[in-house]
Amino acid sequence: MSEPKITIIDYGVGNLHSLKRAFKFFDVDAAISEDADEILNSDAVVLPGVGSFEAGMRGLKIRGLADAVKTFAASGKPVLGICLGAQILLSEGHEFGVFEGLDVIPGKVVRFPELAGGEKIPHVGWNKVRSPGGDAWNKDFYFVHSYILKPDKNEHIFGRTTYGGQEFCSVVKKDNIYGTQFHPEKSGGAGLEVIKNFIKTT
Amino acid sequence: MKNIRVIPRLDIKGPNVVKPVHTEALRVVGNPKELAKRYYEEGADELIYLDIVASLYQRNLDFDLLKSVTENIFIPVTVGGGIRTIHDINNALRSGADKVAINTYAVRRPKFLSEASREFGSQCVVLYIEAKKQKDGSYEAYTDGGREHSGIDAVEWARRAIDLGVGEILVTSVDRDGTRRGYDLDLIKRISAFSPVPVIAHGGAGDLEFLDKVIMDGKADAVSASSIFHYGDFKIGDVKNYLKAKNINVRT
């Protein structure tokens, strides 16, 4: 089997190099690209990202990539959204106003509610995921975020995590499309396993 | 309770990991690539990587070295040393950093902190404070690897930096650094008392009970240590097992 063509979408937000290194760990030379054709010709794409919802969508739109990502996602080929990249897969974001997302998975992105124990927000550090997806998903992963995923449909919740007594959706999944609120590329062996399994879906 | 992070720290000078005492009197303790790999494999939650003479000599840290050290390290790495421009931060991120720690240049030009957090997000910008206790009981922030006075009150500086948008604060006690006499609980407590962002305590780890104390009494969100790991007193797992036995949540 030839090496799958995996593209990490560069839309101007965040550090893509550690993600590229994580793929390289499994001998996959992932491309970093902001070219719509290259994205559409991939076997799988990764939508990374750190920052605000609005900045993320703006970054995609000014590069003319929003439609490309939606088209790719509809093709049935695998998509992995990470952190902000997972959030913008949803319909709308409520960060510094209300902004339209890619609407690939119906739902909203909202701020963490006030936590009973006064725990700090952002939620920074390692936390457990509970998922019906088997052992590989039921591990500790590294999180850093102030906003949470709220899919409209329960069937799209693929992982749950609890912080400060508040349960939130930490993984969304719809068919071929995965979104993790945590950073697999920063989550040691557990995160590498998620990347490895993603490569296997291609 | 949330997980407390255990974070080994590598102080870099030239190609080596060194261990300062009171942030000076350096001793070479090892190779950064080997130590980073060892701590990653032992289960460190993150790494701190600081070029401790870059600011002093007004030069940049060695980005190629950083790149080789972080190549197969898949946990967050906070990098500091001579960071003074947006371009420097970009270089650090491209060389394997996830966050940058800024001390000297933030003291000289505090607005740099807000520019950096606007550009890269608060989660990327860590205020690094080197604090030294004064005769009147207050703490002064030092720069250039603990060598230069700033005349700024360390606790007030933390407060201001939070307003400027930093996402975490790394607090080193210059007095305790390398002494293994315990963290400066008073210092850590004064900052975590009001900080809405995580506080990482450094300086003075020795006995395991010091870590327990700085978490329970000092209210630190993360503990950083160097000597106890570099010299092999404890492995990361020893620290985590100890904290777990004290009912402190850690990732295992």
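From first to last, the protein sequence lines are chains A and B. Positions in the first sequence are counted from 1; adding 17 to them yields our numbering. Positions in the second sequence are counted from 1; adding 335 to them yields our numbering. Idealized CB from N, CA, C, for every residue including glycine. Source: prediction; values computed, not measured.
Isoleucine 526 of chain B is not a Cβ neighbour of glycine 541 of chain B, given a cutoff of 8 Å. Counting only unbroken stretches of 3 or more residues, the beta strand (DSSP E) elements lying wholly within the segment 25-62 of chain A are 48-50, in sequence order. DSSP places glutamate 20 of chain A in the coil class of the three-state scheme, outside both helix and strand. When DSSP assignments are scanned along the segment 537-578 of chain B, the uninterrupted stretches of beta strand (DSSP E) that are 3 or more residues long and fall wholly within it turn out to be 557-560. Alanine 83 of chain A sits buried, since 16 or more C-beta atoms from the chains shown fall within 10 Å of its C-beta. For threonine 413 of chain B, the enclosing beta strand (DSSP E) has its first and last residue at 412-415. Listed along chain B are Phe409, each with a C-beta nearer than 8 Å to that of alanine 39 of chain A. Below the 8 Å Cβ cutoff, chain B contributes Phe409 as neighbours of glutamate 202 of chain A, in chain order. A buried status is given to aspartate 556 of chain B, since no fewer than 16 other beta-carbon atoms sit within 10 Å of its beta-carbon. The beta-carbon separation of glycine 124 of chain A and leucine 166 of chain A, rounded to 7 Å, stays under the 8 Å limit for a contact. Where phenylalanine 70 of chain A is concerned, the enclosing alpha helix (DSSP H) starts and stops at 70-79. Valine 189 of chain A has its alpha-carbon roughly 14 Å from the corresponding atom of alanine 90 of chain A. Residue burial is scored here from C-beta neighbours: asparagine 58 of chain A has fewer than 16 other C-beta atoms within 10 angstroms and is therefore classed as exposed. Secondary structure at glycine 182 of chain A: coil, using DSSP grouped into helix, strand and coil. Per DSSP, the continuous alpha helix (DSSP H) segment holding tryptophan 492 of chain B begins and ends at 489-498.
The beta carbon of glycine 182 of chain A sits closer than 7 Å to the beta carbons of Leu132, Ala133, Gly134 from its chain, once the five residues preceding and following it are set aside; these are given in chain order. For a cut-off of 8 Å, the C-beta gap from histidine 173 of chain A to lysine 156 of chain A is around 21 Å, too long to register as a contact. No Cβ of chain A is located within less than 8 Å of the beta carbon of leucine 448 of chain B. Under a criterion of Cβ atoms nearer than 9 Å, the residues of chain B adjacent to lysine 137 of chain A are, in order, Lys337, Ser530, Pro531, Val532, Pro533, Asp556.
Apart from the 5 residues on each side of it in sequence, lysine 213 of chain A sits with its Cβ closer than 6 Å to the Cβ of Phe43 in its chain, given in chain order. DSSP places proline 367 of chain B inside the alpha helix (DSSP H), whose first and last residues are 367-377. A distance of 8 Å or more separates the beta carbons of lysine 41 of chain A and isoleucine 25 of chain A. Considering only beta carbons, the part of the segment 21-35 of chain A lying closer than 7 Å to chain B consists of Asn32, His34, Ser35, in chain order. Contact between valine 146 of chain A and phenylalanine 158 of chain A is confirmed by a C-beta separation of about 6 Å, below the 8 Å threshold. When Cβ-Cβ separations below 8 Å define contact, aspartate 157 of chain A makes contact with chain B.
When the five nearest sequence neighbours on each side are left out, the beta carbons in the same chain lying within less than 8 Å of the beta carbon of serine 50 of chain A are those of Thr24, Ile25, Ile26, Asp27, Ile56, in order along the chain. At a cut-off of 8 Å between beta-carbon atoms, arginine 344 of chain B makes no contact with chain A. By the C-beta criterion, the segment 447-461 of chain B is judged to be in contact with the segment 494-503 of chain B, since at least 3 inter-stretch pairs fall below 8 Å. With respect to the C-alpha of leucine 361 of chain B, the residue from B/Asn426, B/Ile410, B/Val353 having the closest C-alpha is B/Val353.
The three-state secondary structure of alanine 466 of chain B, taken from DSSP, is strand.
Among the residues of chain B, those whose CB is under 7 Å from the CB of tyrosine 180 of chain A are Lys337, following chain order. Contact check for phenylalanine 116 of chain A against phenylalanine 70 of chain A passes: the beta carbons are separated by less than 8 Å. Taking a beta-carbon distance threshold of 8 Å, glycine 431 of chain B counts as an interface residue toward chain A.
With fewer than 16 other Cβ atoms from the protein chains shown falling within 10 Å of its own Cβ, valine 363 of chain B counts as exposed.
In the three-state DSSP reduction, valine 161 of chain A falls in the strand class (E or B).
In terms of Cβ geometry, threonine 413 of chain B and aspartate 512 of chain B do not form a close pair [threshold 8 Å].
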